[in-house]
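Colleague:
Numbering (mature numbering (1 follows the signal peptide of the UniProt record, and there is no 0)), first residue to last: -30 to -1, 1 to 511.
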């Protein structure tokens, strides 16, 4: 019994030993074959080198990756004495020689004794495709993704088998998507059956996008497949037209939210007080500089709070600009009620003073205001790229609108403000101190403009001229929506923003704004009080 056990163990050991010898021999032979192919690059022309690169790719041996990468980078050299090929690195007057398969340093050679193996653009594309196929099975996700993208950029029928093999084991959704596209493109250039090529065309069509149109337009197919390619391109173009319209709406909403923030404070002061405040844009500018100051303090003293910098800057900007607005109203504007031209000139002069003051304190150049992590980056929705800062500004502008609406509808101050708006004399006779309502209304409008500056600092340059970019558009929004009406301001801001973005592709940015202005003038001729006119005896008088 024991003898039989020993006999079987001996047979098992002999079998394992033979298997190891076979594997070692196979490995050595594969290494010799790889060496032989790489060495043949030294005497090959461009066409022959392309065939050698394809042979290396078909070997499936990842050990040839460094040699192919060195070939693409121009670091592959042939030794003139024996035509051996090495990866060479400069080391003073000498060159360090590395084995192209093992990567080990095997010696040094003078530069004159080596010849650089030349490569052209076609060869580089072939090398990229080969590298992609050889690294598709890498355990590292980033390497596999980069390899899949390389195969997609340089599709070849020779990489089709490697792509299909990688697809069988790939679990990552993003990498599978790239591999599916790479497979479809490679199938179109292969000798696969017509049915499989039609399925590949459908795959590319389903992926969509302008890249898909470029692929389908450049691929060479049989006459029997040309109707399918034409139909696929037409379908993608129809899809892109829809997404272009969606993109214009998104950009319009983004611009509208900016206009709403800039105009909502102006709608209050203009509606309640009838003041044409040309310094409103400078309130926006002061809010942006308040953000810059807050971030500067946080960067130097409390860097861990940087992600909270905007939350801290909002009340600071509201208080600063509200206080400046209160001083302006009490010091200048209250003496000019009923004299619109003098008020316009006075506030224009104040705007120049504020701009020059900011230039003297902070300098004339743009100041850096950073984005917190939660406002950085973007995400894709279909073929639409949505940036987080724009999305949060839309949410913020709607939040300010709702808060202001609640203040006007649900608070005693809001009730007094609406009473003064509708009939100032009657409100005064009922005991409402209209002068203080005017003062705090102007301060509230200025404070909201300062909060708008905090938001605008995330998407625009913080400079002394920041407010001038929005003052004219703000007046257009207020007049178009209806003076003093918040709902009119909301509808007017988003309507003008979307209209601007639909006109810009056809008329350009400047001509688009001119057309919008002309349309508003024509609209005001028909509805002088805007979209939503205020009701009241004083208003109607």
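Every residue, glycine too, gets a C-beta built ideally from N, C-alpha and C. Please read these numbers as outputs of a predicted model, since none were measured by experiment.
If residue 388 sits next to residue 378, beta carbons under 8 Å apart, how far is it from one beta carbon to the other, in whole angstroms?
Modeller: Numbered from 1 along the chain shown, position 418 holds the residue referred to as residue 388. Numbered from 1 along the chain shown, position 408 holds the residue referred to as residue 378. That belief holds up - the Cβ atoms of residue 388 and residue 378 are roughly 6 Å apart, short of 8 Å.
Colleague: Straight-line CA distance for residue 66 to residue 25?
Modeller: In the chain shown, the residue the question calls residue 66 occupies position 96. In the chain shown, the residue the question calls residue 25 occupies position 55. Taking the straight line joining both Cα atoms gives about 27 Å.
Colleague: Which of the three DSSP states, helix, strand or coil, is assigned to residue 469?
Modeller: Mapped onto the chain shown, residue 469 falls at position 499. DSSP places residue 469 in helix when its eight states are reduced to three.
Colleague: Determine the direct distance from the alpha carbon of residue 311 to that of residue 450, and round the result to whole angstroms.
Modeller: For the purposes of this step, residue 450 is taken as residue 480 along the chain shown, with counting starting at 1. For the purposes of this step, residue 311 is taken as residue 341 along the chain shown, with counting starting at 1. Cα to Cα, residue 450 sits roughly 21 Å from residue 311.
Colleague: Can you list, in chain order, the residues of its chain whose CB lies under 6 Å from that of residue 367, leaving out five sequence neighbours each side?
Modeller: Within the chain shown, numbered from 1, the residue matching residue 367 stands at position 397. Cβ neighbours of residue 367 beyond the five flanking positions: 227, 230 and 231.
Colleague: Would residue 202 pass as a contact of residue 175 if the rule is Cβ separation under 9 Å?
Modeller: Against the chain shown, residue 202 aligns to sequence position 232. Against the chain shown, residue 175 aligns to sequence position 205. Against a cut-off of 9 Å, the Cβ pair of residue 175 and residue 202 comes out as a contact.
Colleague: Look at the alpha carbon of residue 97 and the alpha carbon of residue 487, and state the distance between them as a whole number of angstroms.
Modeller: In the chain shown, counting from the first residue as 1, residue 97 sits at position 127. In the chain shown, counting from the first residue as 1, residue 487 sits at position 517. For residue 97 and residue 487, the distance between alpha carbons rounds to 57 Å.
Colleague: Between residue 236 and the rest of its own chain, which residues show a CB-CB distance below 6 Å, the 5 nearest in sequence each way excluded?
Modeller: As a working note, residue 236 is residue 266 in the chain shown. For residue 236, where only same-chain residues beyond five positions count, the Cβ hits under 6 Å are 250, 444 and 448.
Colleague: State the DSSP-derived secondary structure class of residue 208, mapped to helix, strand or coil.
Modeller: Residue mapping note: residue 208 aligns to position 238 of the chain shown, counting from 1. Here residue 208 sits in helix by DSSP.
Colleague: DSSP three-state call for residue 494: helix, strand or coil?
Modeller: The sequence position of residue 494 within the chain shown is 524, counting from 1. Helix, per DSSP.
Colleague: Quick check: the stretch 458 to 476 against the stretch 287 to 303, are there 3 or more CB pairs under 8 Å?
Modeller: The answer is no - the stretch 287 to 303 does not touch the stretch 458 to 476, with fewer than three Cβ pairs under 8 Å.
Colleague: Do residue 222 and residue 469 have their CB atoms nearer than 9 Å?
Modeller: Locating residue 222 in the chain shown gives position 252, where the first residue counts as 1. Locating residue 469 in the chain shown gives position 499, where the first residue counts as 1. Against a cut-off of 9 Å, the Cβ pair of residue 469 and residue 222 comes out as a contact.
Colleague: So the beta strand (DSSP E) residue 57 belongs to, where does it begin and stop?
Modeller: One-based indexing of the chain shown puts residue 57 at position 87. Here the beta strand (DSSP E) through residue 57 covers 55 to 61.
Colleague: How far does the beta strand (DSSP E) with residue 47 in it reach, from first residue to last?
Modeller: Numbered from its first residue, the chain shown carries residue 47 at position 77. Its beta strand (DSSP E) spans residues 46 to 49.
Colleague: Is DSSP giving residue 338 helix, strand or coil here?
Modeller: Start at 1 with the first residue of the chain shown, and residue 338 comes out as number 368. Coil at residue 338, not helix or strand.
Colleague: Ends of the alpha helix (DSSP H) at residue 514?
Modeller: This structure cannot settle anything about residue 514, because the visible part of the chain is limited to -30 through 511.
Colleague: For the stretch 282 to 289 against the stretch 209 to 225, do three or more pairs of beta-carbon atoms, one drawn from each stretch, fall closer than 8 Å, so that the two count as touching?
Modeller: No contact exists between the stretch 282 to 289 and the stretch 209 to 225.
Colleague: Could you tell me the boundaries of the alpha helix (DSSP H) in which residue 171 lies?
Modeller: On the chain shown, position 201 is the one that residue 171 refers to. Start and end: 164 to 177.
Colleague: Would you call residue 278 buried or exposed, if buried means 16 or more other Cβ atoms sit within 10 Å of its Cβ?
Modeller: Position 308 of the chain shown, counting from 1, holds the residue named residue 278. Answer is exposed; the Cβ neighbour count stays below 16.
Colleague: Using only alpha-carbon positions, find the residue among 414, 111, 347 and 429 that is nearest to residue 240.
Modeller: The residue given as residue 240 occupies position 270 in the chain shown. For residue 240, the nearest C-alpha among the options comes from 414.
Colleague: Which whole-angstrom value is the C-beta distance of residue 522 and residue 93, which I expect to be below 8 Å?
Modeller: The first residue shown for the chain is -30 and the last is 511, placing residue 522 beyond what the model contains.
Colleague: Decide if residue 265 is buried, meaning its Cβ has at least 16 other Cβ atoms within 10 Å, or exposed.
Modeller: Here residue 265 is taken as the residue at index 295 of the chain shown, counted from 1. Burial call: buried.
Colleague: Are residue 328 and residue 434 closer than 9 Å when you measure CB to CB?
Modeller: To locate residue 328, count along the chain shown from 1; it is residue 358. To locate residue 434, count along the chain shown from 1; it is residue 464. Closer than 9 Å, so yes.
Colleague: Taking just the CA atoms, how far does residue 254 sit from residue 305?
Modeller: Locating residue 305 in the chain shown gives position 335, where the first residue counts as 1. Locating residue 254 in the chain shown gives position 284, where the first residue counts as 1. Distance between the alpha carbons of residue 305 and residue 254: 24 Å.
Colleague: So what does DSSP say about residue 65, is it helix, strand or coil?
Modeller: Numbered from its first residue, the chain shown carries residue 65 at position 95. Strand.
Colleague: Could you name the residues of the same chain whose beta carbon sits closer than 7 Å to that of residue 510, not counting the 5 residues immediately before and after it, in chain order?
Modeller: As a first step, residue 510 must be located in the chain shown, where it is residue number 540. A caution first: residue 510 carries a pLDDT of 42, below 50, which makes its placement in the model too unreliable to give a value.
Colleague: In whole angstroms, give me the CA-to-CA distance for residue 95 and residue 463.
Modeller: The sequence position of residue 95 within the chain shown is 125, counting from 1. The sequence position of residue 463 within the chain shown is 493, counting from 1. Spanning the two alpha carbons is a distance of roughly 50 Å.
Colleague: Hey, is the stretch 310 to 324 in contact with the stretch 408 to 422, meaning 3+ C-beta pairs nearer than 8 Å?
Modeller: Flag = no, the stretch 310 to 324 and the stretch 408 to 422 do not touch.
Colleague: How far does the alpha helix (DSSP H) with residue 385 in it reach, from first residue to last?
Modeller: The residue you call residue 385 lines up with position 415 of the chain shown. Residue 385 -> alpha helix (DSSP H) spans 382 to 392.
Colleague: Cutting at 7 Å between CB atoms, please list the residues of its own chain near residue 349, excluding the five before and the five after it.
Modeller: On the chain shown, position 379 is the one that residue 349 refers to. Excluding positions up to five away in sequence, the list reads 356.
Colleague: Could you check how far apart the C-beta atoms of residue 424 and residue 287 are, in whole angstroms? I think they sit under 8 Å.
Modeller: As a working mapping, residue 424 is identified with position 454 in the chain shown. As a working mapping, residue 287 is identified with position 317 in the chain shown. Contact holds; Cβ gap of about 5 Å.
Colleague: Please report the residue range of the alpha helix (DSSP H) in which residue 271 lies.
Modeller: By 1-based counting over the chain shown, the position of residue 271 is 301. Residues 250 to 271.
Colleague: Which same chain residues, not among the five before or five after residue 8, have their C-beta less than 6 Å away from its C-beta?
Modeller: In the chain shown, the residue the question calls residue 8 occupies position 38. Excluding residues within five positions, the ones whose Cβ falls inside 6 Å are 37, 55 and 70.
Colleague: Of the choices 51, 436 and 346, whose alpha-carbon is the least far from that of residue 326?
Modeller: Sequence index remark: in the chain shown, residue 326 carries index 356 (1-based). For the residues 51, 436 and 346, the minimum Cα distance to residue 326 belongs to 436.
Colleague: By Cβ distance, which residues of its chain are closer than 8 Å to residue 494, with the 5 residues on each side in sequence left out?
Modeller: By one-based count along the chain shown, residue 494 stands at place 524. Around residue 494: 449, 450 and 500.
Colleague: What span of residues does the alpha helix (DSSP H) with residue 288 cover, start to end?
Modeller: As a position in the chain shown, residue 288 is number 318, starting the count at 1. 279 to 301 is the extent of the alpha helix (DSSP H) around residue 288.
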